[in-house]
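Enquirer: First, the structure itself, so that you have it in front of you.
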Amino acid sequence: MHTSDFKIASNRTQRHRVINLQTKIFNTSEQDLVEASELIKGGGTLAFPTETVYGLGADATSNIAVAKIYQAKGRPSFNPLIIHCFSIDQIKAFALWSSEAQVAADKFWPGPLTMVLPLLPESNISSLALAGLQTVAVRIPEHPIAQKILKLSNTPLAAPSANPSGTVSATKAEHVISRLSGKIEGIISGKASKIGLESTIISLLNEASILRYGAIEAAEISDVLGINLKKPEQDEKISAPGQLSSHYAPRGSIRLNSKTIKENEVHLGFGEVDSDLNLSKTENLIEAAANLFDFLHKLDEMGAEKIAVSPIPEEGIGIAINDRLRRAAAPR
Ligand code: AMP
Ligand code: MG
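Numbered by the numbering used here, the letters in the sequence shown go through residues 2 to 333 in order.
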């Protein structure tokens, strides 16, 4: 076998390897929480209790760490994730704060309210966590364990609900242990989540509006802000606002599954191919997911009008990558 043959063979094995991690179960002692936060600092995924439901958190500034969240949940598509913080100052480093946001925060934070704000140009939040958007959903949770983990990790955490995609949110540590063991690095085994319902999401971008109904009543938020929160359009799915029009797509047209590249095309490669940008030379799907949105933005910066994309295996997180690319390739 040639060295290069061997390289490809071992890459294939790596790609098809069933991910089976050693999941550490932590209690809520000071020492365990310190150890658990080390997993986050090392780029791992950690499930922890919040007052709404259990969250599956990872360092929101790392594309690779965030890719592991999607991989563990088996999400077939990329939704922007809520970024959890322990202070407003921490949020101000990456999101545009406003007096309206301050009023809502004074009343409802820490707690089950999520606000969508404009992203600052100097933001270091992972483009994968934002699904490529220039806006960001933020929340300061109230739960003491969540707060402790946020402080010890000392980084914003991207954290969707800690359940496999398509199953109900986990409100107890046992739910998480039975469904995500072997897929994530750690689980903090705390008490059951008090609220058991997701956070309410409001957008404070142009017109203040409600994006998801949740733990805090929309009417109460309207009262506090002194405005009528705009309701979602009838045909919009309230449960998944991130899947709507707001999704990022590059300007150029996209041709998928391209094995040969035409002269006027920019090549977004995958695997050992000569290309303008390569999602992962070693066919590592987590790396490819981590690069995806940064590369889509780069293609715009390059002024790419026609983009040819190498075939990407329809397995694991590759399913979400292909979903994103298919949406970007659809006629607009
Ligand atoms: P989860 O983290 O599973 O509770 O889901 C988070 C929800 O927040 C998803 O439905 C997203 O679509 C929504 N979301 C997150 N970021 C944004 C954003 N920038 N704009 C609109 N919706 C968002
Ligand atoms: Mg969820």
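Glycine included, C-beta positions come from ideal geometry on N, C-alpha and C. If you're wondering where the values come from, they're calculated on a predicted model, not measured in any experiment.
Is Glu199 near the ligand COA, with its Cβ less than 8 Å from a heavy atom?
Expert: No copy of the ligand COA appears in this structure; the ligands present are the ligand AMP and the ligand MG.
Enquirer: Quick one: does the C-beta of Ile185 sit closer than 8 Å to a heavy atom of the ligand AMP?
Expert: no
Enquirer: By DSSP's criteria, Ile228 is part of a beta bridge. Which residues make up the other side?
Expert: In the DSSP output, where bridge partners are listed per residue, Ile228 has none listed.
Enquirer: Buried or exposed: Pro165, going by 16 or more other Cβ atoms within 10 Å of its Cβ?
Expert: Burial check for Pro165: the Cβ neighbour count within 10 Å stays below 16, so the residue is exposed.
Enquirer: Cβ-heavy atom distance between Pro161 and the ligand MG below 8 Å?
Expert: yes
Enquirer: Could you tell me if Asp107 is buried or exposed, where buried requires 16 or more neighbouring beta carbons within 10 angstroms of its beta carbon?
Expert: Exposed, because fewer than 16 other Cβ atoms sit within 10 Å of the Cβ of Asp107.
Enquirer: Cβ of Leu278 within 9 Å of Cβ of Ile313?
Expert: In this structure, Ile313 does not lie closer than 9 Å to Leu278 by Cβ.
Enquirer: Identify the residues that DSSP records as bridge partners of Leu278: which are they?
Expert: Leu269
Enquirer: Quick one: does the C-beta of Ser78 sit closer than 8 Å to a heavy atom of the ligand MG?
Expert: For the ligand MG, not one heavy atom lies less than 8 Å from the Cβ of Ser78.
Enquirer: Please classify Gly56: does DSSP put it in a helix, a strand, or coil?
Expert: strand
Enquirer: Is Arg180 near the ligand AMP, judged by its Cβ being under 8 Å from some heavy atom?
Expert: no
Enquirer: Along the chain, where does the alpha helix (DSSP H) that runs through Ile83 open and close?
Expert: For Ile83, no alpha helix (DSSP H) segment is defined, and its DSSP state is neither H nor E.
Enquirer: Since Val117 and Leu206 are thought to touch, with beta carbons under 8 Å apart, how far apart are those beta carbons, to the nearest angstrom?
Expert: 6 Å
Enquirer: Could you check whether Ile318 and Tyr71 sit closer than 9 Å to each other, using their CB atoms as the reference points?
Expert: yes
Enquirer: Which residues mark the beginning and the end of the alpha helix (DSSP H) in which Pro157 is found?
Expert: Taken as a continuous stretch (DSSP letters only), Pro157 belongs to no alpha helix (DSSP H), as it is neither H nor E.
Enquirer: Can you tell me which of Lys74, Arg256, Arg180 and Leu129 puts its alpha carbon nearest to the alpha carbon of Pro332?
Expert: Arg256
Enquirer: What does a CB cutoff of less than 7 Å around Arg140 pick up in its chain, not counting 5 residues either side in sequence?
Expert: Cβ within range, chain order: Ile83, His85, Leu114, Thr115 and Ser200.
Enquirer: May I ask which residues mark the beginning and end of the alpha helix (DSSP H) holding Ala209?
Expert: Where Ala209 is concerned, there is no enclosing alpha helix (DSSP H), given that its DSSP letter is neither H nor E.
Enquirer: Alpha carbon to alpha carbon, what distance is there between Ile228 and Glu288?
Expert: Distance from the CA of Glu288 to the CA of Ile228, rounded to the nearest whole angstrom, comes to 44 Å.
Enquirer: Taking 8 Å as the cut-off, is the CB of Asn170 close to at least one heavy atom of the ligand MG?
Expert: Residue identity check: residue 170 is Ser in the sequence provided, not Asn. For Ser170, the distance from the CB to the nearest heavy atom of the ligand MG is below 8 Å.
Enquirer: Write down the C-beta distance between Ser78 and Ala321 rounded to the nearest angstrom, noting that I regard them as a contact closer than 8 Å.
Expert: Rounded, the Cβ-Cβ distance is 5 Å, consistent with contact.
Enquirer: Measuring only from the beta carbon, is Asn155 closer than 8 Å to any heavy atom that is part of the ligand MG?
Expert: no
Enquirer: Report the rounded CA-to-CA distance for Glu302 versus Asp295, giving the unit in angstroms.
Expert: 11 Å
Enquirer: Restricting to Cα atoms, I'd like to know which of Leu47, Glu273, Ile308 and Glu36 is closest to Ala174.
Expert: Leu47
Enquirer: Given a threshold of 16 other Cβ atoms within 10 Å of its Cβ, counted over all protein chains shown, does Val177 qualify as buried or as exposed?
Expert: buried
Enquirer: Buried or exposed: where does Arg260 fall if 16 or more other Cβ atoms within 10 Å of its Cβ makes it buried?
Expert: This sequence places Lys at residue 260; Arg is not what is there. Exposed.
Enquirer: What I want to know is whether the C-beta of Ile83 ends up closer than 8 Å to one or more non-hydrogen atoms of the ligand AMP.
Expert: yes
Enquirer: Determine the extent of the alpha helix (DSSP H) in which Lys42 is found, giving its start and end residues.
Expert: For Lys42, the enclosing alpha helix (DSSP H) begins and ends at Glu31 to Lys42.
Enquirer: Keeping to the same chain, check which residues put their C-beta closer than 7 Å to that of Ser5; ignore five residues upstream and five downstream.
Expert: Bear in mind that the predicted position of Ser5 carries a pLDDT of just 40, short of 50, making it unreliable; the figure below should be weighed with that in mind. Once the five neighbours on either side are set aside, Ser5 has no close Cβ partner at all.
Enquirer: My parser needs the beta strand (DSSP E) runs of 3 or more residues fully inside the stretch 60-137; what are they?
Expert: For secondary structure counted as the beta strand (DSSP E) over 3 or more consecutive residues, the stretch 60-137 holds these complete runs in sequence order: 114-119.
Enquirer: In whole angstroms, what is the alpha-carbon distance linking Asn265 and Leu326?
Expert: 19 Å
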